[in-house]
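Engineer: The sequence shown stops at residue 420 when you use numbering that gives the first Met the number 0, and every number in between is there. Even for Gly, the Cβ is constructed at its ideal location relative to N, Cα and C. Right, I'll just put the structure down here and ask away after.
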Amino acid sequence: MKVAVIGSGGREHAIIKKLKQSKEINAIYAIPGNGGMTEDAILINIPVTDINGICNFAKQEKLDYVVVAPDDPLVAGMVDALNSVGIDCFGPDKKAAIIEGSKVFSKDLMKKYNIPTAAYGVYDNLEEAIEYLRTAPLPTVIKADGLALGKGVIIAETLKEAENAVRSIMEDKVFGASGNKIVIEEFLTGPEVSVLAFSDGKTLVPMVSAMDHKRAKDNDKGLNTGGMGTIAPNPYYTKDVAKICMDEIFIPTIRAMENEGRAFKGCLFFGLMITPNGPKVIEYNCRFGDPETQVVLPLLDSDLFEIMRACTNGTLDKCEVKFKDGAACCVVMASNGYPEKYQSGFPIIVDKDIDATVYFAGAKKDGDKLLSAGGRVLGVSATADTLDAAINKAYKQTEKVNFENAYKRNDIGSRALAALK
Ligand code: AMP
Ligand code: GLY
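What follows is the structure, encoded as structure tokens:
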């Protein structure tokens with residue numbers, strides 16, 4: 000079968016590498032992919048949001064299946080468009096992708112169906128939002144309604160900061176139309192857990208839990224990034240917590256979406272906070288997480304392609320989804336300066352005897368050289384019997400990857416290890 004994966008980051012590289020293990024697949028395309036993927040996929044240079052371009056390519060090449068990985072094409076209706084030309088996809092249709100595409104939708108859904116989340120209000124009027132802020136407890140959390148390249152959440156410590164945030168979103172439109180409405184919500188505390196789950200619209204199967212490290216610097220200092228590293232499983236996600244999440248969050252969400260006529264097929268990402276009052280939903284994403292996928296899929300012991308097709312066909316209840324015991328750690332190597340200004344374009348050298356998987360993100364080919372070409376350049380992902388061993392191994396193997404101006408955090412997984420002790 001001929002399969003394409005839409006997207007270009009480390010997450011997509013992890014999906015591609017896992018799909019390659021499936022006997023049924025004989026060609027994998029990455030649209031557009033990146034230069035670090037050329038051993039695993041054929042790169043096709045079409046932008047991820049070019050719905051017509053991708054549909055035309057899919058028809059021309061007679062693709063059998065397309066995995067739509069990033070949020071923007073999903074929210075824009077890529078799956079609907081591909082389905083309409085007869086191509087099966089992994090990923091939610093436009094109606095279901097709104098669970099990530101609109102924070103107002105997801106908050107209202109949770110309220111309607113009693114799914115635990117932070118208390119909130121929705122504002123489409125600047126003056127009313129500011130009026131509310133004057134009485135709101137601090138810190139306060141302000142979220143643009145629509146997609147905002149992962150930057151649409153502001154945690155304001157003072158009234159001034161909160162006002163500035165609301166003005167920049169609603170008045171200056173720093174996130175464009177995504178800021179026509181905002182959500183102002185209660186600040187929650189507790190450890191965060193990422194749970195990705197397969198769903199065919201009716202059945203939901205959670206994957207092994209993960210912990211992301213979003214801040215740029217050690218000890219969770221510095222700016223928010225796309226994610227500087229991950230570990231799995233997340234020790235805060237105990238058996239008891241998992242049961243509460245399944246009963247009070249996961250199943251109710253899938254039923255709610257079905258009930259709203261928006262059955263969710265694909266990977267549903269639950270961003271959770273384990274608060275003193277129990278687990279609550281911080282956010283939903285309509286896709287695999289990055290870099291969560293780089294630790295979750297290496298632990299998957301079943302055929303990813305079979306699972307994906309079961310999600311599409313509504314047969315997930317009959318499909319085996321097994322995870323290995325053990326743990327995984329992914330350390331992201333970025334260009335120094337990310338997420339602000341940085342330099343790239345430097346040759347990436349990976350030692351032949353590396354004992355870990357390198358998932359490339361910001362990398363490009365220049366002749367037979369591979370160059371750094373972005374903020375997050377790659378992730379070094381290792382598995383082992385214990386979390387401690389996986390972390391040590393991932394860090395040890397980062398020494399076998401070299402490029403000028405490389406930066407990594409040195410404490411990926413240390414909070415998780417402390418929690419285990
Ligand atoms: P996001 O960009 O949606 O992934 O959110 C970024 C981060 O903001 C999350 O990972 C949380 O750490 C934090 N966050 C979002 N909502 C809340 C909240 N209600 N209370 C505390 N922290 C939050
Ligand atoms: N790692 C968080 C995300 O993919 O949104």
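Near M307, which residues of its chain fall below 7 Å by C-beta distance, leaving aside the five closest residues on each side in sequence?
Structural biologist: Answer for M307: V66 and F89, listed in chain order.
Engineer: Going by other Cβ atoms of all chains shown within 10 Å of its Cβ, with 16 needed for buried, is D300 buried or exposed?
Structural biologist: D300 is exposed by the Cβ-count criterion.
Engineer: Since E184 is in the beta strand (DSSP E), which residue starts that stretch and which ends it?
Structural biologist: Run containing E184: I181 to E185, per the beta strand (DSSP E) assignment.
Engineer: Judging by CA-CA distance, which residue of A372, G228 and P69 is the nearest neighbour of I390?
Structural biologist: If we check each option's Cα against that of I390, G228 comes out closest.
Engineer: At 4 residues or longer, and completely inside the segment 130–160: list those alpha helix (DSSP H) runs for me, N to C.
Structural biologist: List check, alpha helix (DSSP H) in window: nothing returned.
Engineer: Compute every distance between the C-beta of A135 and the non-hydrogen atoms of ligand 1, then say whether any falls below 6 Å.
Structural biologist: No, the Cβ of A135 stays beyond 6 Å of every heavy atom of ligand 1.
Engineer: Buried or exposed for G374, going by 16 or more other Cβ atoms inside 10 Å?
Structural biologist: With 16 or more other Cβ atoms within 10 Å, it is buried.
Engineer: Suppose you measure from the CA of D365 to the CA of G313; what does that come to, to the nearest Å?
Structural biologist: Looking at the two C-alpha atoms, the distance is approximately 43 Å.
Engineer: For G52, which three-state DSSP category applies?
Structural biologist: Reduced to three states, the DSSP call for G52 is helix.
Engineer: Which residue comes first and which comes last in the beta strand (DSSP E) that contains D365?
Structural biologist: It spans A362 to D365 - the beta strand (DSSP E) in which D365 sits, taken as one unbroken run.
Engineer: Indicate the three-state DSSP secondary structure (helix, strand or coil) for T314 in the structure shown.
Structural biologist: Residue state, collapsed to three classes: coil.
Engineer: Output the distance between the C-alpha atoms of V74 and A231, rounded to the nearest integer angstrom.
Structural biologist: Rounded to whole angstroms, V74 to A231 spans 28 Å at the Cα level.
Engineer: Return yes when the C-beta of V233 is under 6 Å from any heavy atom of ligand 2, and no when it is not.
Structural biologist: Val is not the amino acid found at residue 233; the sequence shown has Asn there. Flag unset: Cβ of N233 not near ligand 2.
Engineer: Can you give me the Cβ contacts of E185 inside the same chain, cut-off strictly under 6 Å, excluding the 5 residues immediately before and after it?
Structural biologist: These residues qualify, in order along the chain: A117 and A118.
Engineer: Consult DSSP for F249 and reduce its assignment to one of helix, strand or coil.
Structural biologist: If DSSP states are grouped into helix, strand and coil, F249 belongs with the helices.
Engineer: Given this structure, state the Cα-to-Cα distance separating K399 from P234, to the nearest angstrom.
Structural biologist: The alpha-carbon atoms of K399 and P234 are separated by roughly 28 Å.
Engineer: In three-state terms, what does DSSP make of M77?
Structural biologist: Helix, per DSSP.
Engineer: Would you call K110 buried or exposed, if buried means 16 or more other Cβ atoms sit within 10 Å of its Cβ?
Structural biologist: So K110 ends up on the exposed side.
Engineer: Return yes when the C-beta of L267 is under 6 Å from any heavy atom of ligand 1, and no when it is not.
Structural biologist: L267: no, Cβ never under 6 Å from ligand 1.
Engineer: As an exercise, report each continuous beta strand (DSSP E) stretch of at least 3 residues that is fully enclosed by the segment 224–274, in chain order.
Structural biologist: The qualifying runs are 228–231 and 264–274.
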